[in-house]
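These notes are about the structure you will find just below.
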Amino acid sequence: MLTAKNLPAEFVKYCRSITAKRPRTVIQHLLKYGQITTEELKNRYGYNHPPRAARDVKELGIPLERVSAKGTDGRKIAAYRFADPATSRIRKFDGRTGLSKKIKDALVSKYGCRCFIYLEPIPDAALQLDHRVPYEVGGESATLSPDDFMLLSSSANRAKSWSCEHCDNWRSIKQRELCLSCYWAYPENYTHVALKKLRRVDLLWQGDETRRYDQLIQDAAKAKLSLPDFIKKQLQDAADPS
Numbered sequence: 686m687l688t689a690k691n692l693p694a695e696f697v698k699y700c701r702s703i704t705a706k707r708p709r710t711v712i713q714h715l716l717k718y719g720q721i722t723t724e725e726l727k728n729r730y731g732y733n734h735p736p737r738a739a740r741d742v743k744e745l746g747i748p749l750e751r752v753s754a755k756g757t758d759g760r761k762i763a764a765y766r767f768a769d770p771a772t773s774r775i776r777k778f779d780g781r782t783g784l785s786k787k788i789k790d791a792l793v794s795k796y797g798c799r800c801f802i803y804l805e806p807i808p809d810a811a812l813q814l815d816h817r818v819p820y821e822v823g824g825e826s827a828t829l830s831p832d833d834f835m836l837l838s839s840s841a842n843r844a845k846s847w848s849c850e851h852c853d854n855w856r857s858i859k860q861r862e863l864c865l866s867c868y869w870a871y872p873e874n875y876t877h878v879a880l881k882k883l884r885r886v887d888l889l890w891q892g893d894e895t896r897r898y899d900q901l902i903q904d905a906a907k908a909k910l911s912l913p914d915f916i917k918k919q920l921q922d923a924a925d926p927s
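Structure, rendered in structure tokens:
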């Protein structure tokens with residue numbers, strides 16, 4: 686197994702320069718132990734979706750391979766290791782290894798510190814950088830632009846990951862154009878949600894607004910409706926008071 690002791694110095698230096706929490710957790714473990722199992726990702730580090738954590742590492746240009754391992758109960762589970770560093774996509778940006786901070790700073794400067802999906806204000810440190818079009822579908826262009834990426838809260842990132850990974854375009858079709866018209870890439874201008882004919886609005890109630898949310902739950906229960914159906918009815922009644 687490849688660890689920091691037998692990997693190229695430049696590759697190790699790049700790995701140690703990663704600051705984003707999720708990929709850094711995987712990378713630091715691999716540099717020390719050479720392998721990380723899905724069980725360790727869940728139980729030791731609290732990641733309930735291990736493939737996403739591994740994907741974060743791959744999107745930084747660090748090659749991983751998936752192998753079989755034994756869990757603590759003896760069952761066969763998946764594990765990840767560094768693949769041949771010669772296949773890495775590590776790039777230089779303005780003479781500095783890595784690119785995520787520069788892209789993130791550019792997006793914050795242009796759009797402010799907010800989640801692109803939920804539109805909520807988020808502290809800079811809590812914002813996560815994500816490809817608008819998943820790397821598994823669109824790959825990576827020769828010249829990266831900040832507008833190829835989006836800023837997401839952790840909950841929005843998890844929701845997007847789950848939806849994308851269960852989409853046929855991710856699994857088999859692999860057409861970048863389909864992603865570009867998807868809610869998860871451009872929530873302000875889309876025609877589908879993971880190829881489904883859907884429209885959605887993600888609403889958050891914060892601070893004092895939570896009291897209104899609690900009241901909505903009570904009102905929905907009295908009307909014997911689910912909360913989404915109750916909110917839709919309120920909107921429809923407001924649009925058509927007759």
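Per the working numbering, residue 686 is the first one in the sequence shown, and the count goes up by one each step.
Quick reminder that beta carbons are idealized off the backbone N, C-alpha and C, glycines included.
Proximity to Ala768 across Leu692, Thr895, Asp887 peaks at Leu692, based on C-alpha coordinates. Annotation: Glu744 to Lys881 spans about 26 Å, alpha carbon to alpha carbon.
For the pair Ala764 and Ala754, the CB atoms are nearer than the 9 Å cut-off. By the Cβ neighbour-count rule, Glu725 is buried, with 16 or more other Cβ atoms within 10 Å of its own. Bridge partners of Ile721 according to DSSP: Tyr765.
Between Cys800 and Ser846, the C-beta gap is not smaller than 9 Å, which leaves the two residues out of contact. In the three-state DSSP reduction, Cys798 falls in the coil class, being neither helix nor strand. Thr710 sits buried, since 16 or more C-beta atoms from the chains shown fall within 10 Å of its C-beta. By the neighbour-count criterion, in which a residue is buried when 16 or more other Cβ atoms sit within 10 angstroms of its Cβ, Trp869 is buried.
The beta carbon of Met686 is closer than 7 Å to those of Gly719, Gln720, Arg766 in its chain, skipping five residues each way along the sequence.
Around the Cβ of Gln813, a 10 Å sphere holds 16 or more other Cβ atoms; the residue is buried.
Judged by pairs of C-beta atoms under 8 Å, the segment 871 to 888 touches the segment 791 to 805, as three or more such pairs exist. Counting along the chain, Ser848 sits inside the alpha helix (DSSP H) bounded by residues 839 to 850. For Leu912, the secondary structure class from DSSP, reduced to helix, strand or coil, is helix.
The residue among Ala841, Ala908, Arg701 with its C-alpha nearest the C-alpha of Glu805 is Ala841. The continuous alpha helix (DSSP H) containing Arg701 extends over residues 694 to 702.
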